[in-house]
Amino acid sequence: MLGADQQAAQTAAYEPYGRLSQYGNALTGLAGGVSGQQYMEPQAASPFSTALSTALGVGGLYGKIFK
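Numbered by this note's numbering, the letters in the sequence shown go through residues 3 to 69 in order.
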């Protein structure tokens, strides 16, 4: 329940940026210019992928030190 509330609050906070980015790209396209990069809302990383990435980094460092 807490995670859903947090995600809803984050979506509400970043929604204006996405809307402005979409509006700006539409105007640029109408003017014949090259549109900019589309705004992407930041995504939270899962704890498992963060732990796996850290473990692989430490393992690679250990391998380089004690080669």
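No residue lacks a Cβ here, since even glycine has one placed at the ideal position from N, Cα and C. Here the structure is a predicted model, which is why all the values come from computation and not from measurement.
Annotation for residue 66: the continuous alpha helix (DSSP H) segment containing it runs 49 to 67.
Here the alpha carbons of residue 54 and residue 67 stand approximately 20 Å from one another. Cα atoms of residue 69 and residue 56: separation of roughly 20 Å, rounded to the nearest angstrom.
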